[in-house]
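Asks: Residue numbering for the sequence shown follows the numbering used here, beginning at 23 and increasing consecutively.
Heads up, the beta-carbon is just placed ideally off N, CA and C, and yes, glycines get one too.
Provided herewith is a single structure, encoded as C-alpha cells, for subsequent inquiry.
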Amino acid sequence: MHRTPPLDANSAGQQAEDPSFSNLPPNLKRRIDRAFDEALANNSGVRPSKRRKTANDSFGQTSNVSTTSQHGGFLPGGFIVDEPGGFIVDSSPPPGSVDSGDSPAPAKHSDIPLSLIPAALQLLDLQPDDEDVLSVFRNAASGWTDASGVQSSVPDPHVSRQDWRAVCAALLGTGADEPERMDDDAESDGQDIVEDDSDPEEEYMDSGSEHSKSSAELADSDDEYVEGGFIPSKGKGKTRGQAATEKLPRGGRKGLSLDDSDADEGTSRARPLTARQKQECRRAFGLFFPNVRDDKLDDQRIMIKDITRVAKLLKEKLSAEEIMEMLDAFSSSADRSMNLQDFERMMIAAKLA
Numbered sequence: 023m024h025r026t027p028p029l030d031a032n033s034a035g036q037q038a039e040d041p042s043f044s045n046l047p048p049n050l051k052r053r054i055d056r057a058f059d060e061a062l063a064n065n066s067g068v069r070p071s072k073r074r075k076t077a078n079d080s081f082g083q084t085s086n087v088s089t090t091s092q093h094g095g096f097l098p099g100g101f102i103v104d105e106p107g108g109f110i111v112d113s114s115p116p117p118g119s120v121d122s123g124d125s126p127a128p129a130k131h132s133d134i135p136l137s138l139i140p141a142a143l144q145l146l147d148l149q150p151d152d153e154d155v156l157s158v159f160r161n162a163a164s165g166w167t168d169a170s171g172v173q174s175s176v177p178d179p180h181v182s183r184q185d186w187r188a189v190c191a192a193l194l195g196t197g198a199d200e201p202e203r204m205d206d207d208a209e210s211d212g213q214d215i216v217e218d219d220s221d222p223e224e225e226y227m228d229s230g231s232e233h234s235k236s237s238a239e240l241a242d243s244d245d246e247y248v249e250g251g252f253i254p255s256k257g258k259g260k261t262r263g264q265a266a267t268e269k270l271p272r273g274g275r276k277g278l279s280l281d282d283s284d285a286d287e288g289t290s291r292a293r294p295l296t297a298r299q300k301q302e303c304r305r306a307f308g309l310f311f312p313n314v315r316d317d318k319l320d321d322q323r324i325m326i327k328d329i330t331r332v333a334k335l336l337k338e339k340l341s342a343e344e345i346m347e348m349l350d351a352f353s354s355s356a357d358r359s360m361n362l363q364d365f366e367r368m369m370i371a372a373k374l375a
C-alpha cells in the first residue's frame, strides 16, 4: 500500500506568508514558532509518528523488513542455508536503510488543535482567555465559510501555522522594538551605577532606618484580624478603589474549574511568572478583599467563605464540593486557605493569566 508522506509545515508556509509576520525581527519569529511547537509537545495526546524500518535487498531496491513466509512457512528442502563465511562483516549501512531508534526524526506540524491555543498564548506571555483573540482563532479553525456559504463544522478543529503566525504578528508586532529599548535602558542603568559615588555607609544607614520604620509601622498597626484576613480600621490609609462586585478575569467560572489544570500543572510550576501575569493575579486576588490596601494583600488568605461570598455576588452557583476540590488542589496550608502564591498557581493552571 502506498503511504502518503506527512505534510511539511515549511512547504505549507511557503504558499503565502503573512506580510506582518515577515516584517517581524528574527528572534520574535522564532518565539512564535517555538510556542506553537512547545504547546504541541506538552500535550500528551500528540505523539510523533515513527518511521518504518526498511532495508535493501540484493538488487538495491527498498523493501519492508517484515516478510511473510512462503509455501506454508518452510524454505525448499526444509533447511535454512547458512551464509558463506559465518562472520558478520562490519560495514556502513546501505543507503536505503532507515534507523528505527526510539527518537524519530523531528518534523514540524502544520496545524495545532484549537484547544491548545490558550496554552500556546500563555507561552508567549499573552492573555490566554482573551475572548476577542480566541474568537479569531475559532473562525480560522472553522474555515470561515465554504463556497456554498455554509460554515463548516469539524469535530476537532485545527488552526494552521500560517494563521497562528498572522494573529501573533498582529498581537506582538507593536512591541517588536522593546528588546532594543530594554538594552538601552540596561546600558544607561549601568552608567548610572558607575557614576554613583555616594558613601556606602550613608546608604547602609538609610536602608536600615527605612527598615526599622517599616517594622515600627507594622508593630503599631491596629488592624483587626478576623477569619479570612485582616480588616484595617476606619479612616486609616487608602483603601482599594476596586469594588467587590467587579467581575473576575474573562472566563467567568473557568477560573474555578479544574478540568484543564492537571495537564499544565508541571509546566506552570517550572516556568516563572512574568510581570504581566503577577500583576493580573494580584488584581484578581484583590477582588476578594475590596477593603484591604494593596500593600496588605500579601498577608491575606482566601477562605471558603470568601469564595462563597464572591460567587454569590457574581451569581455563580458553586457547590461546597467544587470549592473544596479547588482548595485541596492549590492550597499549601493545612486549613485549606489560599495565599497570593497559591492563587497565582491556580490562575496560571486555569489559563486566566
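Should the stretch 301-321 be regarded as contacting the stretch 341-359, the criterion being three or more beta carbon pairs within less than 8 Å?
Replies: Because the criterion of three Cβ pairs below 8 Å is not met, the stretch 301-321 and the stretch 341-359 do not touch.
Asks: Residues in the same chain with beta-carbon distance under 6 Å from Ala375, minus the five sequence neighbours each way, listed in chain order, please.
Replies: Gln299, Glu302, Cys303 and Met369.
Asks: Under the three-state reduction of DSSP, which class applies to Val181: helix, strand or coil?
Replies: Residue state, collapsed to three classes: strand.
Asks: Which residue comes first and which comes last in the beta strand (DSSP E) that contains Pro312?
Replies: Element bounds for Pro312: n/a, residue is neither H nor E.
Asks: Along the chain, where does the beta strand (DSSP E) containing Asp133 start, and where does it finish?
Replies: Asp133 to Pro135 is the span of the beta strand (DSSP E), which, as asked, contains Asp133.
Asks: Could you check where the alpha helix (DSSP H) with Pro41 kicks off and where it finishes?
Replies: Element bounds for Pro41: Pro41 to Ser44.
Asks: Where does Pro48 land, buried or exposed, given buried means 16+ other C-beta within 10 angstroms?
Replies: It is exposed - the Cβ of Pro48 has fewer than 16 other Cβ atoms within 10 Å.
Asks: Drop a sphere of 10 angstroms on the beta-carbon of Ala342, count the other beta-carbons inside from all chains shown, and report buried for 16 or more, exposed for fewer.
Replies: Its Cβ having fewer than 16 others within 10 Å, Ala342 is exposed.
Asks: Please identify the residue among Ile326, Leu295, Arg315 and Pro41 whose C-alpha is closest to the C-alpha of Asp185.
Replies: Considering only alpha carbons, the answer is Pro41.
Asks: Kindly indicate if chain C contains any beta-carbon less than 9 Å away from that of Leu374.
Replies: Within the model displayed, chain C is absent; a lone protein chain is all it includes.
Asks: Determine the DSSP secondary structure at Met325, reduced to helix, strand or coil.
Replies: DSSP places Met325 in coil when its eight states are reduced to three.
Asks: Would you list the residues sitting across from Met369 in a DSSP beta bridge?
Replies: BP columns for Met369 are empty, so no partner.
Asks: Count the other CB atoms within 10 Å of the CB of Glu366; is the residue buried (16 or more) or exposed (fewer)?
Replies: When all chains shown are included, Glu366 counts as buried.
Asks: Hey, how far is the Cα of Met348 from the Cα of Ala333?
Replies: One C-alpha to the other measures close to 14 Å.
Asks: Could you check the C-alpha separation between Lys337 and Ser44 for me, to the nearest Å?
Replies: Rounded to whole angstroms, Lys337 to Ser44 spans 46 Å at the Cα level.
Asks: Between Pro140 and Pro150, how many whole angstroms is the CB-CB distance? I'm expecting something under 8 Å.
Replies: Between Pro150 and Pro140 the Cβ distance is about 4 Å, and since that is below 8 Å, they are a contact.
Asks: Assuming Ala191 contacts Leu46 under a Cβ cut-off of 8 Å, what Cβ separation, rounded to an integer in Å, is found between them?
Replies: At roughly 6 Å, the Cβ-Cβ gap stays under 8 Å, so Ala191 and Leu46 are in contact.
Asks: Between Leu194 and Leu295, which are expected to be in contact by the criterion C-beta below 8 Å, what is the C-beta distance as a whole number of angstroms?
Replies: That belief does not hold up - the Cβ atoms of Leu194 and Leu295 are roughly 19 Å apart, past 8 Å.
Asks: If you compare alpha carbons, which of Arg323, Arg56 and Leu309 is closest to Asp364?
Replies: Ranking Arg323, Arg56 and Leu309 by Cα distance to Asp364 puts Arg323 first.
Asks: In the DSSP assignment, what are the bridge partners of Met360?
Replies: Bridge partners of Met360: Ile324.
Asks: Using only the alpha-carbon positions, how far apart do Phe58 and Arg183 sit?
Replies: The alpha-carbon atoms of Phe58 and Arg183 are separated by roughly 8 Å.
Asks: Rounding to the nearest angstrom, what Cα-Cα distance links Arg293 and Leu362 in this structure?
Replies: Between Arg293 and Leu362, the C-alpha separation is close to 17 Å.
Asks: Rounding to the nearest angstrom, what Cα-Cα distance links Ala297 and Ala351 in this structure?
Replies: One C-alpha to the other measures close to 24 Å.
Asks: Quick check on DSSP: helix, strand or coil for Ala297?
Replies: Residue state, collapsed to three classes: helix.
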